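Quick notes on the structure that follows.
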Amino acid sequence: MYSSYYTPKDAGRQSTVLTDHEALRRDENTHKKLQSDETKLRPIDLETIMSSKAAVKYWYLHRPKTMEYVHKNATKIQSVGRAFAVRQLKKKYGMEYVVALAKADAQKKEAEKLAELSAEEREAAEAANLAYDARVQESRRLRMEQIERERLAEEELRQRLADEKRQRLVLEEERKRKESEEKAAAAALAAAALAAEEEARKKARAEEAARQAEIAKAQAEAAAIKKAEEEEAARLAAIKAAEEEAEAARLAAIQKAEEEEAARLAAIQKGEEEEAARMAAEMEALRIAEEKRRQKAEEKARQEREEAERAHAAAAAAARARVEAEQSEKYEQSLSKDVPVIVRKHGPGRVIAYNKEKETYTVKMEAAMGGLTIDVKSSDVNLDDDRILSPRTKVDTPFGAGEIVGLDPHVGCYAINTEINAPEGEQFLAFVQIGDVTVHVEEPEERAIVENASMPIPDEIGLVAARIVDSRVVNRTGKKFIQYKLEIRTNNYGTVYCWKRYSTFRSLCERLQKEAGYSRKEIPELPKRQITGNFSQHTIGERAEKLNVFLAAAVHAEHLQWGIRVDDQIAVYKRRVKRPASQQQQQTASRETKSRGFFSSRRR
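Heads up, the sequence shown is in our numbering, so the first residue is 180 and it goes up one at a time.
Here you go:
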């Protein structure tokens with residue numbers, strides 16, 4: 180900062196710098212345009228704050244809330260200010276100067292970092308740097324070799340493409356030459372065909388002229404013949420007309436005589452027809468009366484026959500309905516598939532099917548009885564109560580674990596309570612086929628897998644490394660949860676494996692974070708259990724990754740001491756690593772130096 184009442188020592192010298200009041204008015208106008216809310220800062224605002232002393236003073240005097248916000252966000256202000264300074268240096272001196280400064284700063288920080296380390300750690304860091312440089316050189320060498328191989332491959336590809344192009348050009352020229360030869364041959368053939376066609380047309384025209392001459396000659400001869408025929412036809416027509424007139428007169432006389440005879444015969448026939456009509460009417464009346472009498476007799480007989488048939492059909496239907504009702508009742512009371520039964524004189528078995536018409540069971544006998552499939556009468560089959568699962572028996576189903584409520588042998592289903600620990604009003608019943616129900620077998624929660632079980636168990640087993648290698652979904656006492664397979668490498672007992680629940684690792688994480696103290700951030704935090712989606716593959720895989728990160732940090736944290744029980748006989752321990760007091764003081768001072776804020780100290 181500088182005084183608001185600063186004046187030059189030499190009163191006669193003119194100052195080229197604007198006065199404080201002018202700077203304040205300028206900055207006030209500038210910042211009124213740039214910012215209207217004092218709780219929100221933009222990068223341009225932060226650069227403006229740090230651009231000049233006048234701006235800094237203005238913000239301290241007229242924007243105290245904003246500067247308080249700036250102090251709270253010191254890291255952000257520091258990064259923005261550093262970026263602004265880098266841009267100014269780049270603008271003034273160039274990029275090479277900035278790069279040189281960055282390299283010098285990096286070397287200085289590396290030297291300070293090495294100075295804080297012990298001799299062993301410094302040697303390890305130098306060895307790591309040398310190894311890193313060697314890896315960089317090796318990667319560069321491999322990259323150059325890869326580039327050379329790619330260049331050679333590209334040259335080979337270009338050469339191959341050029342050869343293929345030359346071959347295509349040669350083939351194209353050969354194809355064009357063949358096409359030209361084929362076109363010339365086709366043209367010669369076409370010319371020969373045209374000459375032959377012209378010769379054929381000339382020959383056809385000569386033949387057509389000869390044929391037309393013959394046709395004209397034949398037409399003249401036909402005309403002469405036709406004229407002679409017409410004259411003969413006229414003479415014959417005159418003769419025929421005279422004959423027809425004489426015949427017509429004779430026929431007219433004959434027709435008149437026939438008409439008179441026909442009139443006489445018609446009168447006689449009319450009398451006969453009237454007599455026949457009277458006789459036919461009388462006969463028809465008699466026939467109709469007889470037909471009506473016969474129809475009445477047939478209708479009566481048909482009605483009697485239909486009544487007898489209806490009575491017989493009703494009796495047969497009643498008998499059939501009675502038999503079907505008895506069969507249906509027996510079928511409803513019959514035992515369903517897979518129901519355990521005892522067959523008289525044969526022994527235990529399970530029902531396969533029931534024949535409704537024959538009223539017989541198809542039963543598959545147990546293996547001890549030969550495993551045969553037999554057909555027996557329903558009266559010889561009885562329920563086997565000893566093989567029916569009793570209520571409250573824990574079972575496994577395709578829908579999870581549950582408890583038996585009862586069995587309906589006529590349906591072939593167990594009623595199963597799938598919510599074992601739920602209140603009585605909230606329980607959910609599921610009906611599951613007998614073949615889908617198996618007795619639940621409890622799995623031991625803790626079970627160790629040792630690579631060399633013949634090794635003697637030491638007094639204390641030391642932990643070297645631990646990681647998650649597998650996971651599974653477990654149903655136990657009606658509850659469903661995830662177990663993770665933990666691989667533990669020890670220093671004196673080889674490698675052991677065990678299954679642990681996620682809650683076990685959560686409890687260990689919370690205890691280690693409490694014991695870590697100021698180093699709590701070195702222990703990664705494990706996420707809590709979700710409400711939904713805990714059994715998805717994505718969630719299980721993500722938790723396994725976070726568990727591996729947590730286990731690696733917990734194993735390498737030298738100030739922590741903890742252990743884990745593998746089974747009833749094996750437990751693995753991770754002991755605290757103690758360091759000399761001088762080294763601990765150096766680490767404490769280093770952490771205090773790194774934790775200082777942006778405004779905690781300034782260069783003099």
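We treat Cβ as the ideally placed atom computed from N, Cα and C, and that holds for glycine.
On a predicted model such as this, the values are computed, not experimentally measured, just so you know.
Here the segment 585-600 lies against the segment 510-519, with 3 or more beta-carbon pairs under 8 Å apart. DSSP places Arg668 within a strand segment (E or B) once states are collapsed to three.
By the neighbour-count definition (other C-beta atoms within 10 Å, threshold 16), Tyr681 is a buried residue. According to DSSP, residue pairing for Gln434 in a beta bridge does not occur.
Listed in chain order, the non-local C-beta contacts of Gly742 below 8 Å within the same chain comprise Leu642, Ala750, Val751, Tyr752, Lys753, local neighbours out to five positions each way being set aside. Residue range 716-735 is occupied by the alpha helix (DSSP H) that includes Ile719. Fewer than three pairs of CB atoms, one per stretch, sit closer than 8 Å, so the segment 490-500 makes no contact with the segment 471-482. Between the alpha carbons of Asn671 and Pro637 lies a distance of about 7 Å.
Only exposed fits Thr617, as fewer than 16 other CB atoms lie within 10 angstroms of its CB. In its chain, beyond the 5 residues on either side, Pro570, Arg571, Thr572, Lys573, Val574, Ile595, Asn596, Ile599, Gly657 have a beta carbon closer than 8 Å to the beta carbon of Glu582. Annotated three-state conformation of Ser515 is coil, per DSSP.
Inter-residue distance for Arg322 and Asn308 is about 21 Å (C-alpha atoms, whole angstroms).
Under DSSP, Gly450 takes part in no beta bridge, so it has no partner.
Bridge pairing for Arg651: Gln662 [DSSP]. Here Ile467 carries a helix assignment [DSSP, helix/strand/coil].
The alpha-carbon of Ile661 is positioned some 13 Å away from that of Arg685. Under the criterion of beta carbons closer than 8 Å, Arg646 and Asn727 qualify as touching, at roughly 5 Å. In this structure, DSSP gives Leu368 a helical state, which the three-state scheme calls helix. Scanning Glu545, Thr576, Ala532 for the CA closest to the CA of Lys556 turns up Ala532. When the alpha-carbon of Cys688 is set against those of Cys677, Pro703, Pro243, the nearest one is in Pro703. The residues Val520, Ile521, in chain order, have a CB closer than 7 Å to that of Asn561 in the same chain once the five nearest residues on each side in sequence are set aside.
In the three-state DSSP reduction, Glu477 falls in the helix class (H, G or I).
Uninterrupted beta strand (DSSP E) stretches at least 3 residues long and entirely within the segment 526-570 occur at 526-534, 539-544, 552-556, 560-562, given in chain order.
Within the model, the alpha-carbon separation for Ala303 versus Thr245 is close to 47 Å.
CA-to-CA, the gap between Asp747 and Lys679 works out to about 14 Å. In the DSSP assignment, Gln612 falls outside any alpha helix (DSSP H) and lies within the beta strand (DSSP E) extending over 608-612.
When the beta-carbon positions are compared, Lys269 and Val259 stay at least 8 Å from each other. Going by C-alpha positions, Pro577 is about 19 Å away from Val518. Between the alpha carbons of His735 and Gln257 lies a distance of about 33 Å. Taking a contact as a CB-CB distance under 8 Å, the pair Thr541 and Asp554 counts as one, their CB atoms being some 5 Å apart.
Within 10 angstroms of the beta-carbon of Gly550 lie fewer than 16 other beta-carbons, which makes it exposed.
Under DSSP, Asn596 shares a beta bridge with Glu582, Leu608.
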